[in-house]
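*Asks:* Protein chains in written order, with my numbering: chain G, 512 to 770; chain E, 1342 to 1643. In this text, a Cβ means the ideal position worked out from N, Cα and C, and glycines have one as well. I have a structure I would like to understand better, so I am pasting it below and will then ask my questions one at a time.
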Amino acid sequence: MKKYILDLRVVSNEHPRAGYALLKLTNPDGPMPEIAPGQFVQLAVSDSPSTMLRRPISVHHVDYDSNQLWLLIHMIGEGTNKLGNLRPGDTVNTIVPLGKGFSLASGSVAKPLLVGGGVGIAPLLYFGAKLKEQGVEPTFLLGARSKDDLMQLDEFEKVGRVFLTTEDGSVGEKGFVTQHSIWNQETFTSVHCCGPKPMMVAVAKVAKGKGVECEVSLENMMACGLGACLCCVEDTQQGNVCVCKEGPVFNINELKWLI
Amino acid sequence: MADLNVNIGGLSLKNPVMTASGTFGYGLEYADFVDLSQIGGIIVKGTTLEPRQGNPYPRMAETPHGMLNCVGLQNKGVDYFCEHIYPTIKDIDTNMIVNVSGSSPESYAECAAHVDALDKIPAIELNISCPNVKQGGMAFGVTAQGAAQVVKAVRKAYNKTLIVKLSPNVTDICEIARAVEAEGADSVSLINTLMGMSIDAERRRRTLSIGTGGLSGPAVKPVALRMVYQVARAVKIPVIGLGGISNATDALEFLLAGASAIQIGTMNFVDPAVTVKVAQGINEYLDRHGFKSVDDIVGIVD
């Protein structure tokens, strides 16, 4: 897929909860490039002396009709805080699209389960929308500490069925995503997961136990985002490979995780 | 339009802008962003005789105006390069230069001999300055004797343009430069990264897997510029300057200090199209100040 460096314009930037930004960008110079679900973009951060490198952010949603790219950003450092405080009309220099995304299940028997936690829910919305476009209904299983930590639920509900877990039980089933009753009530043909690593390891174990294919999306620290610098490597069955180029989405069988 | 052509020890470059090893992959990674034929030379990732897995993750830490890395020469080995990578890059219309590393003078020489056999690789850059590997790498580049030993072995095995990349982690870089010149190096490139370290205070642990790493980016530019200035006056062979160059003005400073060509490294991560912008900027500067060629400004600042 061809990559572009574009000056995208901020349409809106909302904070769905404290510390998170929902950044909606548009391309003033043409259509939004083709982006596959699970791919990411690299955003330049201007006016931040401590931030030289771009920030890799996964694609939350793409609406080609309105020429919009949505990003859900966890504001954890100076770079992501600058991005989270961009204002409508601002320009953000963006490399798009990067990496390899999720496998798109197809066919009438396909029943994928999309599991997300924290800001890891971000790429699942666009992935779910793409599945739906292909006639496959996605099931979302989203986890959070508490009700207020969940974001974008209305958007997920437009795309597929949504099941929730919270650690305090304030909404959905109480506990972790791996403890949700849906795992035993229904049979899924594939599992696709993005979230904190301990959660992804736990989900991978459940999927493996059920003999279901499982993909996870990694977020190793990156510099170039193009497979040139070899900084973001993950130890896989093929040795150290660049998460930015060969991932960020991997089948768990390719990884050396203890699952 | 000024004459941007420069000559590095028999190697003709259409302009003085090259890419630094380890920051530009094999060039193909950047083909969507730049016309590779508009770059003076592309120095591909460090290549060794045997395949290397490099150091464990994490290998990178961002620092003010720069970054640390401890990649550790991950590559699939020179045989893989010759069989699988070379065919995909040999027709790129620029100087494709292989950065060669090793763990002994013999392994450097053997690796260089493999590359010597490749028609479309007109030069190698000998890496005696990688700070991130235990054996070889910088171990040879920090003494004049060690540097001379490696260059001597490689010179016997390699007939085309031989560039030697120097480490800044030394007391007197001029001494090393003179030692490699005496053994037949055609050019020196400097600087490789400066040894550094980063600590994650919240987690109370080292940020990088092996503790230390090489610092690059704009933060190192003044150090690099000083060393290029000194080395250009210590040797007769052409000097290639690098270290924190992020725009045409930075590049011009290196040329004025005495570099015959420059390399851009870390800035490729920030702006993948930076190389062609720098080449254009150098041209505009020469025209604006009435210089006819790049050679007219090399080393003119005393």
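What is the residue span of the alpha helix (DSSP H) that G:F638 lies within?
*Replies:* The count along the first sequence starts at 1 and reaches residue 638 of chain G at position 127. First-last of the alpha helix (DSSP H) with G:F638: A633 to E644.
*Asks:* Could you tell me which residues DSSP puts in a beta bridge with G:Q579?
*Replies:* What you label residue 579 of chain G is simply residue 68 of the first sequence in a count that begins at 1. DSSP output for G:Q579 lists G:T537 and G:D574 as bridge partner(s).
*Asks:* Is the distance from the Cβ of E:V1564 to the Cβ of E:A1518 below 8 Å?
*Replies:* Against the second sequence, residue 1564 of chain E aligns to sequence position 223. Against the second sequence, residue 1518 of chain E aligns to sequence position 177. Contact: no.
*Asks:* Look up G:I516 in the DSSP assignment and give the residues it is bridged to.
*Replies:* If you number the first sequence from 1, residue 516 of chain G lands on position 5. Answer is G:I606, bridged to G:I516.
*Asks:* Strictly below 8 Å CB to CB, what residues from chain G border E:A1614?
*Replies:* Numbered from its first residue, the second sequence carries residue 1614 of chain E at position 273. Simply I516.
*Asks:* Would you identify the three-state DSSP class for E:Y1367, choosing helix, strand or coil?
*Replies:* Numbered from its first residue, the second sequence carries residue 1367 of chain E at position 26. Here E:Y1367 sits in coil by DSSP.
*Asks:* Spatial neighbours of E:V1385 within its chain, please: C-beta separation below 6 Å, excluding the five flanking residues on both sides.
*Replies:* Your numbering for residue 1385 of chain E matches position 44 in the second sequence. Here the set comprises Y1367 and V1439.
*Asks:* Cβ of E:E1543 within 8 Å of Cβ of G:L564?
*Replies:* Counting from 1 along the second sequence, the entry for residue 1543 of chain E is found at position 202. Counting from 1 along the first sequence, the entry for residue 564 of chain G is found at position 53. In this structure, G:L564 does not lie closer than 8 Å to E:E1543 by Cβ.
*Asks:* In or out: E:V1642 buried (at least 16 other Cβ within 10 Å) or exposed?
*Replies:* Counting from 1 along the second sequence, the entry for residue 1642 of chain E is found at position 301. Classification for E:V1642: exposed.
*Asks:* What are the residues in the stretch 733 to 746 of chain G lying within 9 Å of chain E by C-beta distance?
*Replies:* Cβ contacts with chain E come from M733, A734, C735, G736, L737, G738, A739, C740, L741, C742, C743, V744, E745 and D746.
*Asks:* How is G:S657 classed by DSSP in three states: helix, strand or coil?
*Replies:* As a first step, residue 657 of chain G must be located in the first sequence, where it is residue number 146. Correct three-state label for G:S657: coil.
*Asks:* Counting only Cβ pairs nearer than 8 Å, list the residues of chain E close to G:N731.
*Replies:* The residue labelled residue 731 of chain G in the question sits at position 220 within the first sequence. Ordered by position in chain E, the residues that pass the 8 Å Cβ test against G:N731 are Y1398 and P1399.
*Asks:* Shortest alpha-carbon distance to G:E757 belongs to which of G:D518, G:I584, G:G722 and G:Q550?
*Replies:* Locating residue 757 of chain G in the first sequence gives position 246, counting from the first residue. Here the closest residue by C-alpha is G:Q550.
*Asks:* Identify the residues that DSSP records as bridge partners of G:S482: which are they?
*Replies:* This structure leaves residue 482 of chain G out entirely; chain G is present only between 512 and 770.
*Asks:* How about E:V1580 and E:S1601: are their beta carbons less than 8 Å apart?
*Replies:* Translated into positions along the second sequence, residue 1580 of chain E becomes position 239. Translated into positions along the second sequence, residue 1601 of chain E becomes position 260. Yes, they are a contact pair.
*Asks:* Between which residues of its own chain and E:C1423 is the CB-CB distance below 8 Å, once the five residues before and five after are set aside?
*Replies:* Taking the second sequence and counting its residues from 1, one reaches residue 1423 of chain E at position 82. Hits under 8 Å: H1455, V1456, A1458 and L1459.
*Asks:* To the nearest angstrom, report how far apart E:V1611 and G:D518 are at their CA atoms.
*Replies:* Taking the second sequence and counting its residues from 1, one reaches residue 1611 of chain E at position 270. Taking the first sequence and counting its residues from 1, one reaches residue 518 of chain G at position 7. Taking the straight line from one Cα to the other gives about 14 Å.
*Asks:* Hey, does G:L582 have any beta-carbon neighbour from chain E nearer than 8 Å?
*Replies:* Position 71 of the first sequence, counted from the start, is the residue given in the question as residue 582 of chain G. Answer no: the Cβ-Cβ gap between G:L582 and chain E never drops below 8 Å.
*Asks:* Whose Cβ in chain E lies nearer than 8 Å to the Cβ of G:P564?
*Replies:* Taking the first residue of the first sequence as 1, we reach residue 564 of chain G at position 53. The sequence shown places Leu at residue 564 of chain G, not Pro. E1403, M1408, F1610 and V1611, listed in chain order.
*Asks:* Spatial neighbours of E:P1613 within its chain, please: C-beta separation below 6 Å, excluding the five flanking residues on both sides.
*Replies:* In the second sequence, residue 1613 of chain E corresponds to position 272, counting from 1. The answer, listed in chain order, is Y1371 and F1374.
*Asks:* Counting pairs of Cβ atoms below 8 Å between the stretch 588 to 602 of chain G and the stretch 531 to 538 of chain G, do you hit three or more?
*Replies:* Output reads yes: the stretch 531 to 538 of chain G touches the stretch 588 to 602 of chain G.
*Asks:* With DSSP as the reference, please indicate the residues paired to E:N1468 in a beta bridge.
*Replies:* The count along the second sequence starts at 1 and reaches residue 1468 of chain E at position 127. In the DSSP output, where bridge partners are listed per residue, E:N1468 has E:K1506.
*Asks:* I'd like the span of the beta strand (DSSP E) that includes E:K1386, first residue to last.
*Replies:* Working through the second sequence from its first residue, we reach residue 1386 of chain E at position 45. Element bounds for E:K1386: G1382 to T1388.
*Asks:* 8 Å is my cut-off, CB to CB: does G:N751 come that close to chain E?
*Replies:* On the first sequence, residue 751 of chain G is found 240 positions in, with the first residue counted as 1. Cβ-Cβ to chain E under 8 Å: yes for G:N751.
*Asks:* What is the rounded straight-line gap between the Cα of G:P623 and the Cα of G:C742?
*Replies:* In the first sequence, residue 623 of chain G corresponds to position 112, counting from 1. In the first sequence, residue 742 of chain G corresponds to position 231, counting from 1. Their Cα atoms are separated by approximately 32 Å.
*Asks:* Taking CB distances under 8 Å as the criterion, tell me whether E:G1395 reaches chain G.
*Replies:* If you number the second sequence from 1, residue 1395 of chain E lands on position 54. Judged by the 8 Å Cβ criterion, E:G1395 is in contact with chain G.
*Asks:* Kindly indicate if chain G contains any beta-carbon less than 8 Å away from that of E:V1412.
*Replies:* The residue given as residue 1412 of chain E occupies position 71 in the second sequence. Judged by the 8 Å Cβ criterion, E:V1412 is in contact with chain G.
*Asks:* Pull out every residue of the stretch 1362 to 1378 of chain E whose Cβ sits closer than 8 Å to any Cβ of chain G, in chain order.
*Replies:* Of all residues in the stretch 1362 to 1378 of chain E, G1363, T1364, F1365, G1366, E1370, Y1371, D1373 and F1374 have a Cβ within less than 8 Å of some Cβ in chain G.
*Asks:* With DSSP run on the structure shown, which of helix, strand or coil describes G:T698?
*Replies:* Indexing the first sequence from 1 puts residue 698 of chain G at position 187. In this structure, G:T698 counts as coil in the three-state DSSP scheme.
*Asks:* Are there three or more Cβ pairs, one per stretch, closer than 8 Å when the stretch 605 to 624 of chain G is compared with the stretch 644 to 664 of chain G?
*Replies:* At 8 Å Cβ cutoff, the stretches touch.
*Asks:* Quick one: measure Cβ to Cβ for G:V723 and G:F699, integer angstroms, because I've assumed they're closer than 8 Å.
*Replies:* The residue you call residue 723 of chain G lines up with position 212 of the first sequence. The residue you call residue 699 of chain G lines up with position 188 of the first sequence. So it is a contact: roughly 6 Å between Cβ atoms.
*Asks:* Just how far apart, CA to CA, sit E:G1381 and G:Q749?
*Replies:* In the second sequence, the residue the question calls residue 1381 of chain E occupies position 40. In the first sequence, the residue the question calls residue 749 of chain G occupies position 238. Each residue's Cα considered, the two are about 34 Å apart.
*Asks:* For E:Q1571, which residues in chain A fall below 8 Å Cβ to Cβ?
*Replies:* Among the protein chains in the structure shown, which are G and E, there is no chain A.
*Asks:* E:Q1604 lies in the beta strand (DSSP E); which residues open and close that run?
*Replies:* To locate residue 1604 of chain E, count along the second sequence from 1; it is residue 263. Run containing E:Q1604: A1602 to I1605, per the beta strand (DSSP E) assignment.
*Asks:* Give the DSSP-derived three-state secondary structure of E:C1515 in the structure shown.
*Replies:* As a first step, residue 1515 of chain E is located in the second sequence; it is residue number 174 there, counting from the start. DSSP places E:C1515 in helix when its eight states are reduced to three.
*Asks:* For G:N762, I'd like the list of residues in its chain whose CB is within less than 6 Å of its CB, leaving aside the five on either flank, ordered along the chain.
*Replies:* Within the first sequence, numbered from 1, the residue matching residue 762 of chain G stands at position 251. Cβ within range, chain order: E726.
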